[in-house]
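Residue numbers (the working numbering): 10 to 291.
Built from N, CA and C at the ideal position, the CB exists for glycine as well.
Note that the structure is predicted; figures quoted are calculated from it, not measured.
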DNA sequence: CGCCTGCCCTGCAGGC
DNA sequence: TGCCTGCAGGGCAGGC
Ligand SMILES: [Zn+2]
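Quick look at the structure:
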């Protein structure tokens, strides 16, 4: 799930807790099996009685701000998601709960479930510390920014480290454009009708602009198509339904291209899958 | 500093 | 039925 658009939708869901006071941030029993959470309950107890002021997003990161200096940097990894659930207990059908947050004057709890455990939920002493954290500091312009930052995008593509690479290999680089993940990488290239194997330096200016616009369209479409499920706060409960339906190429190897009927193929770039239509994408 | 390779984890589908 | 392999929407630490 979690690319920029999914993280943005998570943020929108979690906003209901802005202004709420923390009763407790509880590391689950299960979480104690893993080093990154083990023995850390105590340091999360400093949040007891504090109020969430704002939950913001930078790329695929969520930054939890409170009414005191400490900040929590949260990343969903591959499988992390927040579940907003009625009552004080974690429902039994949630298999991998790592964190549970209880709030004052709030009947619902927030549960961070993360099967593969690649997620992060880390405390920083100050907001500035988070901003100075290199992966945050180096993030490129956000792909959901309106208007899409075409100039910054084009400039970064001119950098030596990018110019000689295949375009399909660098779109995942969060320092280029923040928020693109492996699904929307393929989908953006498909919409732009650009072959993922094309070398960046061989892309014409109009193709780069088309790609930028396509990234913007694809990411926003993803947010919009998740909108209805957000309303009911069930974004993260496993029903991803609508978000997947409009995919043109991702995970469609062997199926026919909707546009030309040619077979969609899968290749591997930097150990990640890329899907595309050889006929439509030049 | 930048770049590259491992590594962190569980679950699922498909082949045997 | 079980066991094995490859694959999965991401990023980090450590070596050079
Ligand atoms: Zn096609």
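When the Cα of residue 44 is compared with those of 22, 130 and 77, which residue comes out closest?
-> 130
Using a Cβ-Cβ cut-off of 8 angstroms (strictly less than) and excluding sequence neighbours within five positions of residue 219, which residues of its own chain qualify?
-> 201, 202 and 203
Does the beta-carbon distance from residue 79 to residue 132 come in below 8 angstroms?
-> yes
Helix, strand or coil for residue 301 per DSSP?
-> In this structure the chain extends from 10 to 291, so residue 301 is not present and cannot be described.
So, is residue 66 buried or exposed, given that buried needs 16 or more other C-beta atoms within 10 angstroms?
-> buried
When you compare only the Cα positions, how much space is there between residue 30 and residue 101?
-> 26 angstroms
Could you tell me which residues DSSP puts in a beta bridge with residue 274?
-> 285
CA nearest to the CA of residue 265, picked from 62, 254 and 286 = 286
What are the uninterrupted segments assigned as alpha helix (DSSP H) that are 4 or more residues long and contained completely in the region 92-146, given in chain order?
-> 136-141 and 143-146
Given a threshold of 16 other Cβ atoms within 10 Å of its Cβ, counted over all protein chains shown, does residue 141 qualify as buried or as exposed?
-> exposed
The region 67-74 / the region 92-100 touching (three or more Cβ pairs under 8 angstroms) | no
Rounded straight-line distance, which links the Cα of residue 176 to that of residue 7 = It is not possible to answer for residue 7, since the shown part of the chain is limited to 10 through 291.
Bridge partners of residue 198, per DSSP?
-> Answer is none; residue 198 lacks a bridge partner.
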